[in-house]
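Student:
In this note's numbering, the protein residues as written are 1426 to 1595.
(1) Mind checking which residues open and close the alpha helix (DSSP H) that includes residue 1583?
(2) CA-CA distance, residue 1565 and residue 1431?
(3) Using 8 Å as the cut-off, can you tell me whether the region 1566-1586 makes contact with the region 1447-1457, which would need three or more C-beta pairs spanning the two stretches below that distance?
(4) CB-CB under 7 Å to residue 1567, same chain, minus the five flanking residues each way: which ones, in chain order?
(5) Between the alpha carbons of residue 1545 and residue 1490, how many angstroms are there, rounded?
(6) Can you list, in chain order, the residues of its chain whose CB lies under 6 Å from that of residue 1511, leaving out five sequence neighbours each side?
(7) Determine the burial state of residue 1499: buried for a count of at least 16 other Cβ atoms within 10 Å of its Cβ, exposed for fewer.
(8) Helix, strand or coil for residue 1493, going by three-state DSSP, please let me know.
(9) By the three-class DSSP mapping on this structure, what secondary structure does residue 1523 have?
(10) Report the option in 1577, 1586, 1555, 1593 whose CA atom is closest to the CA atom of residue 1447.
(11) So, for residue 1525: in the same chain, excluding its five sequence neighbours on each side, which residues have a beta-carbon less than 6 Å away from its beta-carbon?
(12) DSSP three-state call for residue 1488: helix, strand or coil?
(13) Kindly list the residues whose CB is nearer than 8 Å to the CB of residue 1451, restricted to its own chain and excluding five residues on each side of it in sequence; keep chain order.
(14) What residue does the alpha helix (DSSP H) around residue 1541 start on, and which one ends it?
(15) My understanding is that residue 1461 touches residue 1494, with C-beta atoms under 8 Å, so please give their C-beta distance in whole angstroms.
Laid out in structure tokens, this is it:
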């Protein structure tokens, strides 16, 4: 049988790891987003050396802007998810009170918070927080991969467009 303090320590370590991963996705999204923007500058400079289009094609401009800007927005959405974006399934029986992270209006006073702490189960509180942070981590991971894939598609689109412009002599 594992002691309660050991269980709490394991959950504390898991929570710290999940929090670190969530922050890492924020950092990755910022770095890759800025890298994408710099790479676009290189692509557009290269595109400036290709022959110009002879006619105004609004649909091509709209499609081009959509393809170019969409990944930037997706990298921004990696940063957006917050605790409010995450919902957990209802628990049965002894419910965790959410004392590790709470909104200021939840407890009316310091004494009320201390009273709630006295009645709380430390293991349940940490596990609830672990579930929240783990869900947030998964949401950020999915959004990051979606943004990365979108950036790849945008580069393929830009390559094909520039190749077509150069090949067709437009």
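C-beta: ideal position from N, C-alpha, C; glycine also.
Tutor: Concretely, from the data shown:
(1) Where residue 1583 is concerned, the enclosing alpha helix (DSSP H) stretches over 1547-1593.
(2) Distance between the alpha carbons of residue 1565 and residue 1431: 30 Å.
(3) Output reads yes: the region 1447-1457 touches the region 1566-1586.
(4) Taken in chain order, the list of residues that qualify is empty.
(5) Residue 1545 and residue 1490 have their C-alpha atoms spaced approximately 53 Å apart.
(6) Once the five neighbours on either side are set aside, the close Cβ partners of residue 1511 are 1557, 1560, 1561.
(7) Buried, since its Cβ has 16 or more Cβ neighbours within 10 Å.
(8) When DSSP states are grouped into helix, strand and coil, residue 1493 belongs to the helix group.
(9) Three-state DSSP puts residue 1523 in coil, outside helix and strand.
(10) For the options 1577, 1586, 1555, 1593, the alpha carbon positioned closest to that of residue 1447 is the one of 1555.
(11) Result list for residue 1525: 1550, 1554, in chain order.
(12) Note: residue 1488 maps to helix in three-state DSSP.
(13) Around residue 1451: 1503, 1504, 1565.
(14) That run of the alpha helix (DSSP H) goes 1535-1544.
(15) In fact, because the Cβ distance is near 11 Å, the residues do not count as touching under 8 Å.
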